[in-house]
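Since the structure comes first, as structure tokens, the remarks are kept for the end.
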Amino acid sequence: MTREEYYKILDDYVYEYEDEKIAKVAQDYLDEGYDALDAIVNGLVPGMKRAGDAFQEEEYFVTDLLLCSDAMNNALDVLKPHLEKNELEHNHTIVIGVVEGDTHDIGKNLVKTMFQTQGFEVIDLGRDVEVNKFVDAAEEHGAEIICMSTLMTTTMRNMRRVVEILEDRGLRDKYKVMIGGGPISQSFADKIGADKYTIDAIEAVKAAKELLNIN
Numbered sequence: 004m005t006r007e008e009y010y011k012i013l014d015d016y017v018y019e020y021e022d023e024k025i026a027k028v029a030q031d032y033l034d035e036g037y038d039a040l041d042a043i044v045n046g047l048v049p050g051m052k053r054a055g056d057a058f059q060e061e062e063y064f065v066t067d068l069l070l071c072s073d074a075m076n077n078a079l080d081v082l083k084p085h086l087e088k089n090e091l092e093h094n095h096t097i098v099i100g101v102v103e104g105d106t107h108d109i110g111k112n113l114v115k116t117m118f119q120t121q122g123f124e125v126i127d128l129g130r131d132v133e134v135n136k137f138v139d140a141a142e143e144h145g146a147e148i149i150c151m152s153t154l155m156t157t158t159m160r161n162m163r164r165v166v167e168i169l170e171d172r173g174l175r176d177k178y179k180v181m182i183g184g185g186p187i188s189q190s191f192a193d194k195i196g197a198d199k200y201t202i203d204a205i206e207a208v209k210a211a212k213e214l215l216n217i218n
């Protein structure tokens, strides 16, 4: 099959949560000698974006997104060992996590993987992360960016709380704040004073490089 045919299958298998079939497709793709990163960018990311759009349109529920995430992760497990890691001229550290109250890390792991392949040092705090921990970890590890996600409207306010903690500690100018997730919008990012809102992993990498003036 051509690359494009594989991309379409990977995209569909994420969207249709074919978690048992997708790993073999990913391995077949690699066996053809195709690039692992291209499969993520052109297959897995579009599939998760379609799932996110379906969630926004209330065609998919959280349980559906979890199944999509399982399929994506199964493919990632096959592809990740074959990713060629880029090296940045200088060390750049990003703290990433799912905000307090949300136990769904859909998309976060993909964003983390994309950051790592682009040469960023990533401090993954996991999910249901207490708001102060984002700031504490950024201070501890010398991060430049705090990256937060959520899938739930009820936990969006915790993104605002992190920004407020930065302001209260006199650290707001020290860190760039990036946010993303199903219910997040540019207007919400503007409202809470975040530096960047991104819709997917590819845009997150572009945004991080832009914020840090990395070519």
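Taking the working numbering, the leading residue of the sequence shown gets 4, the next gets one more, and so forth.
Cβ atoms here follow ideal geometry from the backbone N, Cα and C, with glycine treated the same way.
Would the region 203-210 and the region 166-174 be scored as touching if the rule is three or more Cβ pairs under 8 Å?
no
For a test of the three-state rule: what should DSSP assign to GLY46, helix, strand or coil?
helix
Look up SER190 in the DSSP assignment and give the residues it is bridged to.
Looking at the DSSP assignment, SER190 forms no beta bridge with any residue, so it has no partner.
Residue range of the alpha helix (DSSP H) that LYS115 falls in?
111-120
Proximity winner among ILE182, THR96 and GLY129, relative to GLU143 (alpha-carbon distances):
THR96
For VAL65, count neighbouring Cβ atoms within 10 angstroms of its own Cβ and tell me buried if that reaches 16, exposed if not.
exposed
Spell out the partners DSSP gives SER152 in its beta bridges.
VAL101 and GLY183
Are at least three pairs of beta-carbons, each pair with one atom in the region 87-104 and one in the region 188-199, less than 8 Å apart?
no
From the beta carbon of LEU113, is the nearest beta carbon of chain B less than 7 Å away?
Although the question refers to chain B, the structure presented lacks it and comprises just one protein chain.
Taking the alpha-carbon of ILE109 as reference, which of LYS212, TYR9, ALA211 and TYR20 has the nearest alpha-carbon?
TYR20
ILE217 by DSSP, collapsed to three states: which one?
coil
Measure the Cβ-Cβ separation of ALA210 and LYS194 and say whether it is below 7 Å.
no
Looking at the secondary structure, which residues open and close the beta strand (DSSP E) in which VAL132 lies?
No beta strand (DSSP E) contains VAL132, which DSSP labels as neither H nor E.
Closer than 8 Å is the cut-off here; do at least three beta carbon pairs connect the region 120-131 with the region 161-168?
no
Pair within 7 Å by beta-carbon distance, TYR16 and ALA74
yes
Leaving aside the five residues before and after ASP80 along the sequence, list all residues of the same chain whose C-beta is less than 8 Å from its C-beta, in chain order.
ALA26
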